[in-house]
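K.L.:
From first to last, the protein sequence lines are chains B and V. Residue numbers for the first sequence follow this note's numbering, so the first one is 139 and each next one is one higher. Residue numbers for the second sequence follow this note's numbering, so the first one is 74 and each next one is one higher. C-beta: ideal position from N, C-alpha, C; glycine also.
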Amino acid sequence: MKPFRYETATDPATAVDLLSRAPRAAFLGGGTNLVDLMKLGVEVPEMLVDVSRLPFDDITETDGGGLRVGATVRNSTLAVHTAVRTRYPALSQALLAGASPQLRNLATIGGNLLQRTRCTYFQDIGKPCNKRRPGSGCPARSGIHRDLAVLGASQHCVATHPSDMAVALTALDAQVHCVSADGERTLPVAELHRLPGDTPDQDTVLRHGELITAVELPPPVPGARSAYRKARERASYAFALASAAADLKVSDGNVEHVRLAFGALAAKPWRARAAEAALLGRPATEESFGRAVDEELAAAEPLRDNGYKIPLARRLAVALLTDLAGTHAEGAR
Amino acid sequence: MTTLPRTLGADTARLESREKVTGTARYAADHARPDGLYAWAVPATIARGEITAVDTATALADPAVVTVLTHENAPRLAEGDDPTLAVLQSPHVAHRGQIVALAVATSLEAARAAATAVRLDYTSEPHDVLLTAEHPGIYAPETANGGHPADRLRGDFEAAYAEAPVQHDAVYETPPLHNHPMEPHAATAWWEGERKLCLHDSSQGSSTVQQMLAQLFALGPDQVLVTSEHVGGGFGSKGTPRPHAVLAAMAARVTGRPVTLAFARQQMPAVTGHRAPTIQHLRIGADRDGRIQALAHEITTQSSTVQEFVEQAAAPSRTMYVSPASRTTHRVARLDVPTPSWMRAPGECPGMYALEAAMDELALACGLDPIELRVRNEPDREPDSGRPYSSRHLVECLREGARRFGWQDRDPRPATRRDGRLLLGTGVAASTYPVMVAPCHAEAHARADGLIDVRVNATDIGTGARTVLAQIAADALRLPLDRVRIRVGCSELPEAPVAGGSSGTSSWGSAVHKACDGLRRALEEHSEVPATGLTVAADTTEESKGGKEYARHAYGAQFAEVQVDTATGETRVRRLLGVFAAGRILNPRTARSQFLGGMTMGLGMALTENSTMDREFGDYAERDLAMYHVPVCADVPDIDVHWIEEEDPHLNPMGSKGIGEIGIVGTAAAVTNAVHHATGVRVRALPVTPDSLLPHLP
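Written out as structure tokens, the structure reads:
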């Protein structure tokens, strides 16, 4: 590990200011990803600004009946919060599906959103990786890519985003509040992460020195139910092969409201807008769920070893929507 | 025999359990000294070639960095028996991840930073890292691991197979598997003068480390002192010294200060051994009633260019079932890959996966219950050797397991049980592991204060060896356990073999028993212990040669119930049951842990542990525990272990067989047989992951 400067921020303005003046500095939340990457030499910040003690550790009700979650709230705290469990079950389930209890106790909501990919080439500084070292190449396309992207990838990068929580937040239409030297701004979680294009080194649209201060959940759609489902190679402590979060309301057998997002298929949580559009007003049946998801996944471009993700995501989403629709409740876990 | 309650067979807690749970038990790297240095290894970033230039200037610019060792400046080693230990001796790179430099600094962080600052230039040569059944480099070795002949041919296999009315012909594959003990390979080394090397080493046998380091550093064995007091697992990967011990010793010599080195988790797959992948061709010809007439088990595996290591995966087919005609062979290709080595139940573990999966398929082909098929093929003598079995209770294990598991009501038809979206199935497989024993020395010393010091260089790698040896001693002495002071884990103690081959307790225990039994007799001749005490030394070289007239193996039966989620292809084990016959169980508490741990590792082999060779770069892709999926608690919801009482007079004074490895043997087949029963899908390449099942699910 390279020596670095460590600063504890006591207010957001100082944190932003410190970072803005240091091009190779980074914010430190729980450190569960960043510190690992520093040990591997993947991240080499010259300064860490510890933002975990900023006064962003509240979960508060918003005026409209939504929930505002401070960026330093720990994953474990949010997962068990009563309002989250009752009104946004997909979010609670996604949080609990991620990592291990020890990691969830440390990891922060802001940091979780900014996790970096688990692609083996990104994590090995002895190998090329366009995300880590722009222009060095992407061996994953022809190499090890079983876990990598089938949607929205580019010639330059096929990384996936590893967060479970972000998938649920995307399906729930959550917003991210940020602050930077230029002031505050709010953007949908669905627009936070970027597809790689020819600049895969930039995971998100955040500018250097821009700090996530909170995540805001809109009020639940009355009568809708949400859930998260993740497929993985062991029962706990494994990243998703594919995952899905959905929020669904059915009336008179037809889909009245639906939001669907996939995880582990792309460099960002994949909001399935095409599937949603295809489902609105249609019968809430396995058949129409399948057709809609097929429409969404038609754009998938699998590589040699990750084509299984397409039928997996389809089955996962259809099962999730079917369970939510209540037409096929048995067997759900 | 004795009027005291037997200490042997008692449910005794580990003697060092308090130290372990309170964190006061010190492991090799915990012995880092205040005046000491830390080292960090630099792995090669090419798969084959030569180092052409070394630039350590940037690394050495940090005043905290004391030295950087490379092949240009590292001490020359004498030739040793293990070529993987010839570290930093030449510019040649045999595989990616080979250690090519060592940064040594006053802090761990500085050493790590320096390691990343070392610049090496290479000339790369084309590399060849992918094993296929048709690889042109495949050859027949003389022997497989363990001294087994590479080939054994009995009868005319081809003719017998051609005539058999029921034929099963399939290829099974196992991936590379990594030992990944919880404690990484680590050592703290220092020199006392020019001619005395001392180290704390994370090893499975410090007598072996002592001998091999003495060889490399041209010292007498008495000039090397190796301590391995507490060891956080090894699973075979610490059965021989690893490069970390040599590197730490070198760095300590060059710097004149104690040096602590631990491999990073990500470095381990390349330099601490692993189980090589296997491609196993099984052909079984049987009568319609399931009696095997012909059995061929042909292995293709790989080793590195550095050393030949041939996983003896066909060996269990030479002893398991009746097979009038038999062909068991091993072939190996030497690739530009890390050197494979011992991993829990080498040979039996991958070989029994394939044989027991094939037996399940044969049972279906014959329309027989898989337990009945095995019973019908129970041999009365070991097929290849013709020797009688010293004891063999496989059938009893199968029957007892069937009773406990509820096998009787099983409907053999696959893919017929549903629980919502889940498909349910059950499977069975047999386990076996040979009885091995090695010569060992031990000493028992009666002190004037009434306590007995027992000394033997056994190694407790977390198994409970220290405890069971104390129990053996107390039993032989006919004294209560608290009168025994056992000391293990240091090369200054009487020489002993490694904790490996499930032979530790047999080998060490025989010597401890002999010394303590001798001491008890000697004490009977004294009215009181002399002031200087009384010592009896034992050497079991002669005894360890005995018993060869019998085929000696432990047996077991494993049962699994799985669920396969049709929405995701995820397989989860609902229940796992193992019933074993392994001679006398000397400590039920620690024995249960051994069986249970082995079965859990077998579950990982079946479902979660996957390692992929990166063709372009020549290393294993899954190098940390986030990506190399060893099972977690949630994968093992219900696991049950039993054993049957087995009296075998042809073993050792304790009547025990080894139990460290048999638990992993057969588990993978029990699980994959259950997956087939659940889904009707036969996956013949491990592990069974969602991508292999999904295309076949309803």
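Kindly indicate if chain V contains any beta-carbon less than 7 Å away from that of L462 (chain B).
P.N.:
The sequence position of residue 462 (chain B) within the first sequence is 324, counting from 1. It does not; no Cβ of chain V falls within 7 Å.
K.L.:
Check distances from the C-beta atoms of the region 442-453 of chain B to those of chain V and list, in chain order, the residues that come in under 7 Å.
P.N.:
The residues in question are Y446, P449, L450, R453.
K.L.:
To which residues of the same chain is A747 (chain V) closer than 7 Å at the C-beta, ignoring the five residues directly before and after it?
P.N.:
For the purposes of this step, residue 747 (chain V) is taken as the residue at position 674 of the second sequence. Same-chain partners within the cutoff: G498, T499, G500, A633, E634, V635.
K.L.:
Counting only the same chain and skipping the five closest in sequence on each side, list residues whose C-beta sits under 6 Å from that of A217 (chain V).
P.N.:
For the purposes of this step, residue 217 (chain V) is taken as the residue at position 144 of the second sequence. So the list reads A223, V383, Q385, H403, once near-sequence residues are dropped.
K.L.:
Quick check on T152 (chain B): does DSSP put it in helix, strand or coil?
P.N.:
In the first sequence, residue 152 (chain B) corresponds to position 14, counting from 1. Correct three-state label for T152 (chain B): helix.
K.L.:
Flag this pair as yes or no: are the beta carbons of R400 (chain V) and A369 (chain V) separated by less than 7 Å?
P.N.:
As a working note, residue 400 (chain V) is residue 327 in the second sequence. As a working note, residue 369 (chain V) is residue 296 in the second sequence. Against a cut-off of 7 Å, the Cβ pair of A369 (chain V) and R400 (chain V) comes out as a contact.
K.L.:
Applying a beta-carbon distance threshold of less than 9 Å, which residues of chain V neighbour E145 (chain B)?
P.N.:
Position 7 of the first sequence, counting from 1, holds the residue named residue 145 (chain B). Result: empty, since nearest Cβ-Cβ is about 19 Å, beyond 9 Å.
K.L.:
What residue does the alpha helix (DSSP H) around N746 (chain V) start on, and which one ends it?
P.N.:
Position 673 of the second sequence holds residue 746 (chain V). Per DSSP, N746 (chain V) belongs to the alpha helix (DSSP H) from 740-752.
K.L.:
Kindly indicate the opening and closing residues of the alpha helix (DSSP H) around A132 (chain V).
P.N.:
The residue labelled residue 132 (chain V) in the question sits at position 59 within the second sequence. A132 (chain V) -> alpha helix (DSSP H) spans 130-133.
K.L.:
Can you give me the C-alpha to C-alpha distance between A488 (chain V) and M393 (chain V), rounded to a whole angstrom?
P.N.:
Along the second sequence, read from residue 1 onward, the residue named residue 488 (chain V) stands at position 415. Along the second sequence, read from residue 1 onward, the residue named residue 393 (chain V) stands at position 320. In a straight line, the C-alpha of A488 (chain V) is about 29 Å away from that of M393 (chain V).
K.L.:
Using DSSP with H/G/I as helix, E/B as strand and the rest coil, what is D807 (chain V)?
P.N.:
The structure shown does not extend to residue 807 (chain V), since chain V spans only 74 to 771, so no value can be given for it.
K.L.:
In whole angstroms, give me the CA-to-CA distance for L649 (chain V) and L676 (chain V).
P.N.:
Counted from its first residue, the second sequence places residue 649 (chain V) at position 576. Counted from its first residue, the second sequence places residue 676 (chain V) at position 603. One C-alpha to the other measures close to 9 Å.
K.L.:
Verify the CB distance criterion: does K387 (chain B) have a CB-CB separation below 7 Å to chain V?
P.N.:
Your numbering for residue 387 (chain B) matches position 249 in the first sequence. Chain V contact via Cβ: absent.
K.L.:
Which residue from V:H347, V:T605, V:K269, V:P209 puts its Cα closest to that of G523 (chain V)?
P.N.:
Here residue 523 (chain V) refers to the residue found at position 450 when the second sequence is read from its first residue. Residue V:T605 is the option with its Cα nearest to G523 (chain V).
K.L.:
Using beta carbons (cut-off 7 Å, strictly below), is L244 (chain B) in contact with chain V?
P.N.:
Position 106 of the first sequence, counted from the start, is the residue given in the question as residue 244 (chain B). By this cut-off, L244 (chain B) is not an interface position.
K.L.:
Since H299 (chain B) and A405 (chain B) are thought to touch, with beta carbons under 8 Å apart, how far apart are those beta carbons, to the nearest angstrom?
P.N.:
Here residue 299 (chain B) refers to the residue found at position 161 of the first sequence. Here residue 405 (chain B) refers to the residue found at position 267 of the first sequence. Indeed they touch by this definition, with Cβ atoms about 6 Å apart.
K.L.:
Return the residues of the region 157-191 of chain V that lie within a Cβ-Cβ distance of less than 7 Å from chain B, sorted by chain order.
P.N.:
From the region 157-191 of chain V, only E182, R185, A186, T189 have a Cβ closer than 7 Å to chain B.
K.L.:
Where in the region 95-150 of chain V do unbroken runs of the alpha helix (DSSP H), each at least 4 residues long, occur, reported from the N-terminal end onward?
P.N.:
Whole alpha helix (DSSP H) segments, 4+ residues: 130-133.
K.L.:
Can you give me the start and stop residues for the beta strand (DSSP E) that G321 (chain B) sits inside?
P.N.:
Here residue 321 (chain B) corresponds to residue number 183 of the first sequence, with the count starting at 1. G321 (chain B) -> beta strand (DSSP E) spans 321-326.
K.L.:
With burial defined as no fewer than 16 other Cβ atoms inside 10 Å of the residue's Cβ, what is the status of L417 (chain B): buried or exposed?
P.N.:
Position 279 of the first sequence holds residue 417 (chain B). Buried.
K.L.:
What is the DSSP secondary structure of W480 (chain V), counted as helix, strand or coil?
P.N.:
As a first step, residue 480 (chain V) must be located in the second sequence, where it is residue number 407. If DSSP states are grouped into helix, strand and coil, W480 (chain V) belongs with coil.
K.L.:
Less than 7 Å between CB atoms is the rule here; does T148 (chain B) satisfy it with respect to chain V?
P.N.:
For the purposes of this step, residue 148 (chain B) is taken as the residue at position 10 of the first sequence. No, T148 (chain B) lies away from the interface with chain V (no Cβ there is under 7 Å from its Cβ).
K.L.:
Under the rule that 16 or more other beta-carbon atoms within 10 Å means buried, what is P342 (chain V), buried or exposed?
P.N.:
Translated into the one-based positions of the second sequence, residue 342 (chain V) becomes position 269. Per the 10 Å Cβ criterion, buried.
K.L.:
According to the neighbour-count rule (16 or more other Cβ atoms, all chains shown, within 10 Å of its Cβ), is E622 (chain V) buried or exposed?
P.N.:
Within the second sequence, the letter at position 549 stands for residue 622 (chain V). Exposed, because fewer than 16 other Cβ atoms sit within 10 Å of the Cβ of E622 (chain V).
K.L.:
So which residues on chain V does K140 (chain B) lean against when the C-beta distance must stay under 7 Å?
P.N.:
Your numbering for residue 140 (chain B) matches position 2 in the first sequence. Residues of chain V passing the Cβ test: A186.
K.L.:
Which residues of chain V have a Cβ atom closer than 7 Å to the Cβ of T342 (chain B), listed in chain order?
P.N.:
The residue labelled residue 342 (chain B) in the question sits at position 204 within the first sequence. Per Cβ cutoff of 7 Å: no residues; T342 (chain B) is ~22 Å from chain V at best.
K.L.:
Under 7 Å, Cβ to Cβ, is there at least one residue of chain V near E371 (chain B)?
P.N.:
Here residue 371 (chain B) refers to the residue found at position 233 of the first sequence. It does; some Cβ of chain V falls within 7 Å.
K.L.:
So, Q380 (chain V) versus T351 (chain V), is the Cβ gap smaller than 7 Å?
P.N.:
Counting from one through the second sequence, the residue named residue 380 (chain V) turns up at place 307. Counting from one through the second sequence, the residue named residue 351 (chain V) turns up at place 278. No, the pair does not count as a contact, with Cβ atoms beyond the cut-off.
K.L.:
Can you find at least 3 beta carbon pairs, one from the region 206-213 of chain V and one from the region 640-657 of chain V, that sit closer than 8 Å?
P.N.:
Judged by Cβ distances under 8 Å, the region 206-213 of chain V makes no contact with the region 640-657 of chain V, as fewer than three pairs qualify.
K.L.:
Under 7 Å between beta-carbons, which chain V residues line up against G203 (chain B)? List them in chain order, please.
P.N.:
The residue given as residue 203 (chain B) occupies position 65 in the first sequence. Chain V residues near G203 (chain B): none, gap ~33 Å exceeds 7 Å.
K.L.:
Mind reading off the beta-carbon distance from A583 (chain V) to T536 (chain V)? Whole number of angstroms is fine, and I expect it under 8 Å.
P.N.:
Here residue 583 (chain V) refers to the residue found at position 510 of the second sequence. Here residue 536 (chain V) refers to the residue found at position 463 of the second sequence. For clarity, residue 583 (chain V) is Ser in the given sequence; the question names Ala instead. Contact doesn't hold; Cβ gap of about 17 Å is too wide.
K.L.:
Let's test the definition: count the other Cβ atoms within 10 Å of the Cβ of E695 (chain V) and tell me whether it reaches 16, buried, or not, exposed.
P.N.:
Residue numbering aside, residue 695 (chain V) sits at position 622 when the second sequence is read from its first letter. With 16 or more Cβ atoms within 10 Å of its Cβ, E695 (chain V) is classed as buried.
K.L.:
Against chain B, with Cβ distances strictly below 7 Å, would A758 (chain V) count as a contact?
P.N.:
Residue mapping note: residue 758 (chain V) aligns to position 685 of the second sequence, counting from 1. It does not; no Cβ of chain B falls within 7 Å.
K.L.:
If contacts are defined as beta-carbon pairs under 8 Å, then A184 (chain V) and A190 (chain V) qualify, I think. What distance do you get, rounded to the angstrom?
P.N.:
In the second sequence, residue 184 (chain V) corresponds to position 111, counting from 1. In the second sequence, residue 190 (chain V) corresponds to position 117, counting from 1. In fact, because the Cβ distance is near 11 Å, the residues do not count as touching under 8 Å.
K.L.:
Between L403 (chain B) and chain V, is there a C-beta pair that is closer than 7 Å?
P.N.:
Translated into positions along the first sequence, residue 403 (chain B) becomes position 265. No, L403 (chain B) does not count as interfacial toward chain V.
K.L.:
Quick check: the region 355-364 of chain B against the region 378-388 of chain B, are at least 3 beta-carbon pairs closer than 8 Å?
P.N.:
They touch, by the three-pair rule.
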